[in-house]
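Engineer: Quick note: the sequence shown, position 23, residue 23 per the numbering used here, numbers continuous. All C-beta atoms, glycine included, are put in the ideal place defined by N, C-alpha and C. Below is a structure I'd like to ask you about.
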Amino acid sequence: MAPCAWPPGRVLDLTRLLPGPLAGKLLADLGFPVLKVEPPRGDPLRDWAPEAYRFLNGKKEILTLDLKRREDRERFLALVPEAAILLEANRPGVMERLGLGPEVLLGINPHLVYARLRGYPDAPDPGHDLTYLAEAGLLGRFPWRSFQFADLAGAYALVLVALKGLLLGGGVYEVALSEAVKAMAYPPIPFLDGSVLCYGIYPTREGEVALAALEPHFWARFCEEAGLRELLSSAFDPARPGLPPYERLLAFFQGRTAREWEAWAKEKGIPLRAVRG
Numbered sequence: 001m002a003p004c005a006w007p008p009g010r011v012l013d014l015t016r017l018l019p020g021p022l023a024g025k026l027l028a029d030l031g032f033p034v035l036k037v038e039p040p041r042g043d044p045l046r047d048w049a050p051e052a053y054r055f056l057n058g059k060k061e062i063l064t065l066d067l068k069r070r071e072d073r074e075r076f077l078a079l080v081p082e083a084a085i086l087l088e089a090n091r092p093g094v095m096e097r098l099g100l101g102p103e104v105l106l107g108i109n110p111h112l113v114y115a116r117l118r119g120y121p122d123a124p125d126p127g128h129d130l131t132y133l134a135e136a137g138l139l140g141r142f143p144w145r146s147f148q149f150a151d152l153a154g155a156y157a158l159v160l161v162a163l164k165g166l167l168l169g170g171g172v173y174e175v176a177l178s179e180a181v182k183a184m185a186y187p188p189i190p191f192l193d194g195s196v197l198c199y200g201i202y203p204t205r206e207g208e209v210a211l212a213a214l215e216p217h218f219w220a221r222f223c224e225e226a227g228l229r230e231l232l233s234s235a236f237d238p239a240r241p242g243l244p245p246y247e248r249l250l251a252f253f254q255g256r257t258a259r260e261w262e263a264w265a266k267e268k269g270i271p272l273r274a275v276r277g
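Dropping the structure here:
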């Protein structure tokens, strides 16, 4: 195989908040140097959630430019010839009005991958994670108050199209958050909701553990190592208070702390971890 120059150039990240910056972080994790271009007022996430902002942008170089000013647009355009990927998530038409749309940038660098993140594929409607989850029928399946699943789906989709663009030699690629999350809206899978013995969260003497012994051989190993052979046929029994198998498992986990159970599970080859956070 011929040697490959990696990374092929810099990423220009013009995005803000969560999905775009997460895509930039993922590309940085892959080895790309990432330059995040922020407006004079900065990324709102820096003030709203400083820890999240640092997580998303800690590996990036930050450059402040006011792209409404001619001088700053010229500074930005000077960065384009050596760039491999550009990430942007403005409302449709914004970059074109600034004179920085795909035609202009690809005219400067035909091999540039212009990766655009938007809300909907064929409409300028505004949206955020909550509305995309609602439309995809997923709002009841995710802890939307603490986990932005549509934004994460969009971030990974944006990285995938950016890498596709590199393979194809450049061009313009769009990802709609509304469609990225719909692509992951698989029908619910039974038994993965904590309703059966073999797959759920259990309180311990201190903390909680997550037991994921879904496959028969994992459940059999758990029962054997735990001395609970009487539960071998009860893997998919309801995890409901008052039922003897469930109460037996509750009593078992009270014997150690969550971290102690995790150490035991690692030694025995059982899919169990202490709940953190």
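1) Just confirm the distance between the C-beta atoms of A157 and V113, as a whole number of angstroms; I'd bet it's less than 8 Å.
2) Using 8 Å as the cut-off, can you tell me whether the stretch 140–153 makes contact with the stretch 83–93, which would need three or more C-beta pairs spanning the two stretches below that distance?
3) Is L105 close to chain D? Criterion is C-beta to C-beta, closer than 9 Å.
4) Any idea what DSSP makes of Y202, helix, strand or coil?
5) Along the chain, where does the beta strand (DSSP E) containing G171 start, and where does it finish?
6) Is the stretch 204–213 close to the stretch 259–277, with three or more CB pairs under 8 Å?
7) Assign I108 to one of three DSSP states: helix, strand, or coil.
8) List the endpoints of the continuous alpha helix (DSSP H) containing D151.
9) Between the C-alpha atoms of L12 and A115, what's the straight-line distance to the nearest angstrom?
10) Note down, in chain order, each residue of its chain lying with its Cβ closer than 8 Å to the Cβ of P188, except the 5 sequence neighbours on either side.
11) Take S234 and list the residues in its own chain whose beta-carbon comes closer than 8 Å to its own, dropping the five residues that flank it on each side.
Structural biologist: According to the data block:
1) Contact between A157 and V113 fails: their C-beta atoms lie close to 14 Å from each other, not under 8 Å.
2) Cβ pair count under 8 Å is below three, so no.
3) Protein chain content of the structure displayed is limited to a single chain, and chain D is not contained in it.
4) It is a strand residue.
5) According to the DSSP assignment, G171 belongs to the beta strand (DSSP E) that extends over G171 to A176.
6) Contact holds: three or more Cβ-Cβ distances are below 8 Å.
7) Look at I108 here: in three-state DSSP terms it is helix.
8) Unbroken alpha helix (DSSP H) run through D151: F149 to L168.
9) A direct Cα-Cα distance of roughly 10 Å separates L12 from A115.
10) Taking C-beta separations shorter than 8 Å and ignoring five residues to either side along the sequence, the partners of P188 in its chain run R141, following chain order.
11) Here the set comprises L197 and P245.
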